[in-house]
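J.: Please read through the structure below; I'll follow up with questions.
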Amino acid sequence: MVRLKVIGIVGSLREKGNTEFFVRRALDRLAEEGFEVELVTLRGKTILSCQACLGCRDTGRCVQEDDFAPIFDKMVEADGIIVGSPVYFGSAAPPLMALLDRAGYAARASGRSHFSGKVGAPIAVARRAGHNFTFAQLLLWYFINGMVIPGSSYWNVATAGAGGDRDAEKDEEGIRTIEDFAANMAEVLRRVRGGGGSG
Ligand SMILES: Cc1cc2nc3c(=O)[nH]c(=O)nc-3n(C[C@H](O)[C@H](O)[C@H](O)COP(=O)(O)O)c2cc1C
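For the sequence shown, my numbering gives the first residue as 5, with consecutive numbering after it.
Below, the structure is given as structure tokens:
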């Protein structure tokens, strides 16, 4: 049976950050279900803003030369895509939005998005406020790309301020929500993409 692959893209540039903590929890749960998983961090990478040059219209590839292309290729190859973002002033982090703007435009160049039929959802992480707006902002990208979005027991939002395990692991409900999401994602992946994940 074909082994399905899920990538988790971390939109925070902070080392051992909260977003990475929660995206990892989702990937760990999917790995337990037998899926191949890969965490992709934007830390240390240069992802420039979309220049609206429409260069992708001819080739389906973004013409800017930075660290975008290898990540785009992983997104196109994956069966499932999770994107995690810290909340910055009530919205998603700019490097992640730069990636999604360019990936979405390049993927839709030929008409139907390359991401159509892939499975996934976002995760938004904030210290105090702005989770829901950011979650909804990122859901818009999934929807317009024809993706299949599994639910959870709550919205995929988590609360943590200080970096990494010190704070994130205290959000028990956030962790539970992410793990419930990952379990549902495993089920939906099997049904929609038709392969394993065993278990
Ligand atoms: C520029 C900036 C803006 C932020 N804006 C918000 C905000 O609007 N609401 C909030 O609750 N936290 C805000 N925060 C805090 C982060 O969302 C929070 O610490 C998050 O857990 C960071 O995730 P990370 O460790 O993965 O980077 C902001 C942090 C930064 C650096």
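Heads up, the beta-carbon is just placed ideally off N, CA and C, and yes, glycines get one too.
#1: What residue from Ile13, Arg106, Asn136 has the CA that sits closest to Val67's CA?
#2: Can you give me the C-alpha to C-alpha distance between Ile153 and Tyr146, rounded to a whole angstrom?
#3: Let me know the secondary structure DSSP gives Gly203 once reduced to three states.
#4: Threshold first: 3 residues or longer. Then list the beta strand (DSSP E) segments lying entirely within the region 21-86, N to C.
#5: So if DSSP puts Val123 in a beta bridge, which residue, or which two residues, is it bridged to?
#6: Who are the Cβ neighbours of Leu31 in its own chain at under 7 Å, not counting the five residues just before and after it?
#7: What is the residue span of the beta strand (DSSP E) that Gly12 lies within?
#8: If you pair each beta-carbon of the region 13-22 with each one of the region 72-90, do three or more pairs fall below 8 Å?
#9: Just to confirm my understanding: we take Gly203, look at its own chain, exclude 5 residues before and 5 after, and list those with CB closer than 6 Å. What are they?
#10: At the level of alpha carbons, what is the spacing between Ile85 and Gly124?
#11: Can you tell which of Leu144, Ala110, Asp71, Thr163 has its C-alpha closest to the C-alpha of Ala56?
#12: Where does Thr23 land, buried or exposed, given buried means 16+ other C-beta within 10 angstroms?
#13: Tell me the residue span of the alpha helix (DSSP H) that contains Ala107.
#14: Among all residues, which have a Cβ less than 5 Å from at least one non-hydrogen atom of ligand 1, and in what chain order do they fall?
#15: Is Val192 helix, strand or coil by DSSP?
#16: Apart from the five residues on each side of it in sequence, which residues of its chain come closer than 6 Å, Cβ to Cβ, to Gly94?
#17: Name the DSSP bridge partner or partners of Val161?
#18: Looking only at its own chain, which residues have a Cβ that is under 7 Å from the Cβ of Gln141, when we skip the five neighbours before and after it?
T.: Per the coordinate set shown:
#1: Arg106
#2: Distance between the alpha carbons of Ile153 and Tyr146: 8 Å.
#3: Here Gly203 scores only 47 on pLDDT, less than 50, and its place in the model should not be relied on; the value that follows carries that caveat. Residue state, collapsed to three classes: coil.
#4: 40-45
#5: Gly84, Val152
#6: Val10, Gly12, Val41, Leu43
#7: Run containing Gly12: 9-14, per the beta strand (DSSP E) assignment.
#8: yes
#9: Residue placement at Gly203 cannot be trusted, given a pLDDT of 47 that sits under 50; the coordinates are not used to answer.
#10: 5 Å
#11: Ala110
#12: Burial call: buried.
#13: 98-111
#14: Ser16, Arg18, Gly21, Asn22, Thr23, Pro90, Val91, Tyr92, Phe93, Gly94, Val129, Ala130, Arg131, Arg132, Ala133, Gly134, Ala164, Gly165, Gly167
#15: helix
#16: If we look at Gly94 and ignore the five residues flanking it on each side, its Cβ neighbours are Gly134, Phe137.
#17: Ala128
#18: Ser95, Ala96
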